[in-house]
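Going letter by letter, the sequence shown gives residues 190 to 461 in the working numbering.
C-beta atoms are modelled at their ideal positions from N, C-alpha and C, and glycine is treated no differently.
These figures come from a predicted structure and were not determined experimentally.
Okay, so here's the structure we're looking at.
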Amino acid sequence: MSAPLLVLDTLSVAVRAPDGRARRILEGASLSVAPGEVVAIVGPSGGGKSTLLKAVLGLTRFTGGAMAFEAAPIRRPLDAAHRRLRAAAEAVFQNPLGALNPHASLRAAIEEPLRARGVPRAERARRAEAVAARMGLDTETLDRRPGAASLGQAQRACIARALAPRPALLTLDEPLSALDALVAAEVAALLTEVIAETRPTVLFVSHDMRLVRRLATRVVVIEAGRIVEDAPAERVLAAPQSDAARALVDCDSRRRAAFAAARLIEPVETVA
């Protein structure tokens with residue numbers, strides 16, 4: 190087996206509540222992620238899923254435990270090793286319009302991480318256009334500002350921006366939740382294809398088990414700030430062990446049965 194790309198060792202995150210007490214959002218999370226794995230992080234709302242992603246990226250300070258990236262220990266938030274992780278990672282968030290500069294074009298947004306990495310102008314323009322085309326964005330759309338684009342186009346641009354620098358680690362936090370069902374299906378299909386082609390290591394948060402079935406090689410279940418299940422995706426989907434995973438899988442099974450009874454096709458499953 191190859192060495193892990195990312196290791197979390199009893200990682201904890203606590204925040205100060207209004208009454209002055211420390212409130213733990215994430216507690217003792219341990220996780221080892223191999224290069225090329227696609228790990229879905231699922232569980233009830235408020236359980237700490239997005240907090241884990243933010244702690245990995247340095248957007249939230251972890252208050253206990255440690256991390257390692259490419260075998261380099263990260264002992265405190267934003268130390269030198271943590272900054273190397275941030276430089277090698279890209280993120281896609283839930284709200285595409287909130288993640289884009291409203292005064293810059295989608296083209297400029299996609300080129301932004303390449304510019305930050307010192308890629309020459311001609312090369313970054315070529316790479317940005319190539320990945321944008323792969324995500325279904327034409328030249329006319331690239332010249333629009335976010336406010337003149339649809340939510341689907343804006344989220345495609347966010348995904349293209351994250352993929353353009355060919356990151357070692359790609360994080361996705363509910364990347365389809367702001368989109369309607371048909372647009373989400375189209376974006377999910379493209380995302381699936383691009384991840385299969387480029388094979389980054391992926392951590393993604395989702396409540397949608399359809400997307401988990403489609404993307405994940407492994408599922409991590411978080412409930413009340415703790416990891417309660419961690420297993421290959423097919424095992425969790427077929428025989429979940431934790432209450433949180435069983436609830437998600439049962440809900441997904443009822444949805445699929447309802448679609449089958451009505452002779453409808455689930456959009457995220459079938460659009461290619």
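How many Å lie between V408 and Q283 at the Cα? V408 and Q283: Cα-Cα distance of roughly 20 Å.
Contact set for L289: own chain, Cβ-Cβ below 8 Å, skip 5 residues either direction: These residues qualify, in order along the chain: L295, A298, P335, A343, A346 and C347.
Within the same chain, show all residues whose beta-carbon is closer than 7 Å to that of G247, passing over the 5 residues directly before and after it, in chain order. Within the same chain, and ignoring the five residues on either side of G247 in sequence, the residues whose Cβ sits closer than 7 Å to its Cβ are P266, L267, H271 and R275.
Terminal residues of the alpha helix (DSSP H) in which R265 lies: Neither: R265 is in no alpha helix (DSSP H) and is coded neither H nor E.
Quick one: is P302 buried, meaning 16 or more other Cβ sit within 10 Å of its Cβ, or exposed? Counting C-beta atoms within 10 angstroms of its own C-beta, P302 has 16 or more neighbours from the protein chains shown and is therefore classed as buried.
Taking the straight line between their C-alpha atoms, what separation do you get for A367 and A269? Taking the straight line joining both Cα atoms gives about 35 Å.
Excluding five sequence neighbours on each side, which residues of the same chain lie with their C-beta closer than 7 Å to the C-beta of G225? Closer than 7 Å at Cβ, skipping near neighbours: R388 and T390.
Counting pairs of beta carbons, one from the stretch 199–208 and one from the stretch 370–379, are three or more of them closer than 8 Å? Under the Cβ criterion (8 Å, minimum of three pairs), the stretch 199–208 does not count as touching the stretch 370–379.
Provide the residue(s) that pair with R415 in DSSP beta bridges, ordered along the chain. Looking at the DSSP output, R415 bridges to E412.
Beta-carbon separation of P354 and R306 under 8 Å? Against a cut-off of 8 Å, the Cβ pair of R306 and P354 comes out as a contact.
Of the residues M256, A293, I230 and L194, the one placed nearest S201, counting alpha carbons only: Selected option, being the one with the closest Cα: M256.
My output table needs one value for G341: the three-state DSSP class, helix, strand or coil. Three-state result, G341: helix.
Would you give the residue range spanned by the alpha helix (DSSP H) that T252 belongs to? Bounds of any alpha helix (DSSP H) do not take in T252, whose DSSP letter is neither H nor E.
Report the option in S431, R212, A293 and V227 whose CA atom is closest to the CA atom of R333. Selection S431, R212, A293 and V227 evaluated against R333 yields A293 as nearest (Cα-Cα).
Taking the beta strand (DSSP E) that E279 belongs to, which residues open and close that run? A278 to V281 is the span of the beta strand (DSSP E), which, as asked, contains E279.
By the three-class DSSP mapping on this structure, what secondary structure does V460 have? At V460, the pLDDT of 40 sits below 50, so the modelled position is not reliable and the matter cannot be decided from this model.
Taking a contact to mean a Cβ-Cβ separation below 8 Å, would you say L365 touches A229 in this structure? In this structure, the beta-carbon distance from L365 to A229 does not fall below 8 Å.
In its own chain, which residues sit with a C-beta less than 7 Å from the C-beta of T488, not counting the 5 before and 5 after it? Residue coverage of the chain in this structure runs from 190 to 461, which leaves residue 488 outside it and unanswerable.
Do you know offhand how far A260's Cα is from L220's? Each residue's CA atom was taken as its position, placing A260 and L220 some 14 Å apart.
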